[in-house]
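Report on one structure; see the data block that follows.
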Amino acid sequence: MTINEVDAGEDLERLSRNMTRVEELTERLLNAVTNKNAVNPNLHGPSQDLYAKAAQAYWQEMLENPAKIFEQQIHYWGKAVSHFLEAQQALAKGKLQPPEDTGPKDRRFANPLWDSHPYFNFIKQQYLINSDAIQQAISEIEHLDEVEKRRLTYFGQQIVDMMSPTNFLQTNPDALQKAVETEGESLVKGLENLVADLEANNGELVVRLADEEAFEIGGNIATSPGKVVYRNKMMELIQYSPSTEQVHEVPIVLFPPWINKFYILDLKEKNSLIKWIVDQGYTLFVVSWVNPDASFADVGMEDYVGDGFLQAIEIAKAITKQKQVNAVGYCIAGTTLNLTLALLKKRADKSVKSATFFTTLTDFSEQGEFTPFLQNDFIDGIEEEVAAQGILRSFIMGRTMSFLRSNDLIYQPAIRNYMMGETPPAFDLLYWNGDGSGLPGKMTMQYLRGLCQRNEFIEGTFPMLGEELSIKDVTVPLCSIATETDHIAAWKDVYRGVQKMGSRSKTFIVGQSGHIAGIVNPPSKKKYGHYTNADLKGTADEWFEGAEFHEGSWWPVWESWLRKKSGKKVPAREPGDSNHPPLCDAPGTYVRVKAST
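Residue 796 is where the sequence shown starts when you use this note's numbering, and the numbers rise one by one after that.
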């Protein structure tokens, strides 16, 4: 037998094995899709009314200013035809090469073949021409109100991003090269990744962003030592073990958002805010929220406040034998901490000495990048979803967040996982990002209708536990940290809410970077700086113009502010007491529960 015959036999055997794997995977794929727990269809896109209004506005523009529409069309046609003719002329001359101008740089098109290969360059440039035409047509539409225009712009961009040639195998040189190099093995592995993701999420396609096998909660992430000292249906309360001989007498109670898990603040020692706070000599309590299932359907904001915020504060006071605590709220927990403070004010309860807010919205009059999702068509769809499921399932919220950065959080990971057949990276932040929580049905609608849509806490009063709550009732000394490029809680919106709080003592800080990196910004990295300005009377732009920039993390600035409100030093406290014996080691049990799909 010749060498060629041996090679041919091996190739045939490899092909046969791969075909068998493809058949098995295809059967699993069909089973996963067939048995999926479907999402309410109203959550897949805006109502048809938006497109009807856009079409009507475009038609009205055509009648009132036809020259403008014709100019747009002719400009697009001209660029497309010229592009085609240039390619034809190059072929006619036998020049299989792209034009000298290979188009603008875009990291999606990093492979040199997008510029050097005439086929791929033609596809890239035509895609960019089409994208520009769609974006221009939308930007120049008149006769739409601002909200409808912003929504149309967003969904138009989603179409543009989705149709990128990098998202399709036949027009992705990276994926094609990998398939050739691996003799098709990458495509089979990609199909395995796709099927595994579908099966893990009951038929819903949730693209894995990180290698889940690389992390263990309590093993190599969320490792700060401490004990769970209290547990109820809503939360576990963790008291962290001291690392100093003395601590400030007033404890800190930190409330993380319940959309994701608390360990974003304790990923690893070098960037753990939890460890850093303990190392500065504070007794720190952190709430670990329950990951709700359908049995939590009737749990509302009042349950989070009563069984979460108020209970955690009381337990911390009892264990430390203090009359007050310093409270911290992050994101939605910061919003709810504001509600809690207003409630305590109504009750003449002075349990909270100071409050700190991380990336916290209270004024929802400007809905920012969430405008597309906070209109009635989507909120009605969510209402139907939670009525059917009992909760807003985690992947729906995660998908919404991801589509705000779809190229980075959906399409690029999907290309890597499914076309290239690669294992997702071992990246702790992305692992945390995929470890979400469901939201109770009642709480979801109270938040979306009462706070986000009607803005009741700012423009009127928000009803809770027998009281009518207003932001003016937030009167404790406060420090609010926003972040410069936050696409979830825009810093200008955060600032506007802080201005309306009733406190006479307000500190406002803007950190560089975004919603996560701007908060998880340890001093040791010396990566992102921050801005400060004591004058909060003017507009957000005026505040920023007068702000002073400081190199490095805002953490030490905040700690200096907090220290003045934390009392004298006392001997360090071990977790728990005789009435609250430790129940288990940190990070507890609730944090390990995966979201229902």
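Yeah, the Cβ is synthetic: ideal placement off N, Cα and C, and Gly gets one too.
These figures come from a predicted structure and were not determined experimentally.
Margin query: Quick check on the DSSP output: the beta strand (DSSP E) that includes K1301 runs from which residue to which?
Written below: That run of the beta strand (DSSP E) goes K1301 to G1306.
Check: Alpha carbon to alpha carbon, how far is N988 from Q952?
Finding: Approximately 27 Å, taken between the alpha carbons.
Next item on the list: For L964, count neighbouring Cβ atoms within 10 angstroms of its own Cβ and tell me buried if that reaches 16, exposed if not.
Entry: exposed
Checklist line | For K1364, the first and last residue of its enclosing beta strand (DSSP E) | finding: K1364 to P1366
Margin query: Whether or not the stretch 1008-1023 and the stretch 1377-1391 are in contact is what I'm after, with contact meaning three or more pairs of Cβ atoms, one per stretch, closer than 8 Å; do they touch?
Written below: yes
Next item on the list: In angstroms with no decimal places, state the Cα-to-Cα distance between E1337 and G1292.
Entry: 16 Å
Note to self: So if DSSP puts N925 in a beta bridge, which residue, or which two residues, is it bridged to?
What the structure shows: DSSP, once it has assigned bridges, lists no residue as partnering N925.
Notebook entry, point to check: From P1370 to K1022, what does the alpha carbon distance come to, in whole angstroms?
Noted result: 6 Å
Check: To the nearest angstrom, how far is it from the Cα of K1116 to the Cα of P1037?
Finding: In this model, K1116 and P1037 are separated by some 16 Å (Cα to Cα).
Item checked: Option nearest L1357 by Cα separation, candidates A974, K1148, A995 and N997 -> K1148
Item checked: Beta-ladder partner(s) of S1361, from DSSP -> Answer is none; S1361 lacks a bridge partner.
Item checked: 7 Å CB neighbourhood of Q1106 in its chain, flanking five on each side removed -> Correct list, in chain order: N1027.
Check: Ordered along the chain, which non-local residues of its own chain (more than five positions away) have a Cβ less than 7 Å from that of V1094?
Finding: P1087, P1235, K1237 and M1238
Next item on the list: Could you check if S1361 is buried or exposed, using at least 16 other CB atoms within 10 Å of its CB as the buried criterion?
Entry: buried
Check: Distance, Cα to Cα, V1001 vs L993?
Finding: 7 Å
Notebook entry, point to check: What alpha helix (DSSP H) runs, 4 residues minimum, are completely inside the stretch 892-980?
Noted result: 908-911, 913-934, 941-957 and 968-976
Check: Can you name the start and end residues of the alpha helix (DSSP H) that A1111 belongs to?
Finding: Q1106 to T1115
Check: From what residue to what residue does the beta strand (DSSP E) around E1340 run?
Finding: Counting along the chain, E1340 falls outside any beta strand (DSSP E), though it belongs to the alpha helix (DSSP H) covering A1335 to E1340.
Next item on the list: Determine the contact status of I1314 and T1154, defining contact as a CB-CB distance below 9 Å.
Entry: yes
Next item on the list: Kindly indicate which three-state DSSP category K1082 falls into: helix, strand or coil?
Entry: A small correction: the amino acid at residue 1082 is Val; Lys does not occupy that position in the sequence shown. In this structure, V1082 counts as strand in the three-state DSSP scheme.
Next item on the list: Taking 9 Å as the cut-off, decide whether the C-beta atoms of I1114 and V1024 are in contact.
Entry: yes
Next item on the list: State the start and end residues of the unbroken alpha helix (DSSP H) segment that holds T1131.
Entry: Per DSSP, T1131 is one residue of the alpha helix (DSSP H) stretching across I1127 to K1141.
Item checked: Cβ-based burial, P1052 [other Cβ within 10 Å; buried from 16] -> buried
Notebook entry, point to check: Can we say the stretch 1121-1130 touches the stretch 1150-1169, given the rule of at least three CB pairs closer than 8 Å?
Noted result: With the cut-off at 8 Å, the stretch 1121-1130 and the stretch 1150-1169 touch.
Item checked: Rounded C-alpha distance that separates A974 from S1201 -> Between A974 and S1201, the C-alpha separation is close to 25 Å.
Check: How long is the line joining the alpha carbons of S1146 and F1252, rounded to whole angstroms?
Finding: 21 Å
Checklist line | Which of helix, strand or coil DSSP assigns to L1049 | finding: strand
Next item on the list: State the DSSP-derived secondary structure class of G1329, mapped to helix, strand or coil.
Entry: As written in the sequence, residue 1329 is Ala, which differs from the Gly given in the question. Note: A1329 maps to coil in three-state DSSP.
Checklist line | Host beta strand (DSSP E) of S1275 (start-end) | finding: L1273 to T1278
Margin query: Is it buried or exposed, F739, if we count other Cβ atoms within 10 angstroms and call 16 or more buried?
Written below: Nothing can be reported for residue 739, as the shown portion of the chain is limited to 796 through 1392.
Notebook entry, point to check: Expressed to the nearest angstrom, what Euclidean distance is found between the alpha-carbon atoms of P1219 and A1209?
Noted result: 10 Å
Check: In the DSSP assignment, what are the bridge partners of D1380?
Finding: K1022
Margin query: For L1397, count the other beta carbons within 10 Å of its own beta carbon; 16 or more makes it buried, fewer makes it exposed. Which is it?
Written below: Only positions 796 to 1392 of the chain appear in this structure, which leaves residue 1397 out of reach.
Checklist line | Assigned secondary structure, G1347 (DSSP; H/G/I helix, E/B strand, else coil) | finding: coil
Next item on the list: Going by CA-CA distance only, name the one from D1380, V828 and K1363 that's closest to Q1041.
Entry: For the residues D1380, V828 and K1363, the minimum Cα distance to Q1041 belongs to K1363.
Note to self: Just to check my reading of the structure: L1032 and L1079 have Cβ atoms closer than 8 Å, yes? What is that Cβ distance to the nearest angstrom?
What the structure shows: Contact doesn't hold; Cβ gap of about 11 Å is too wide.
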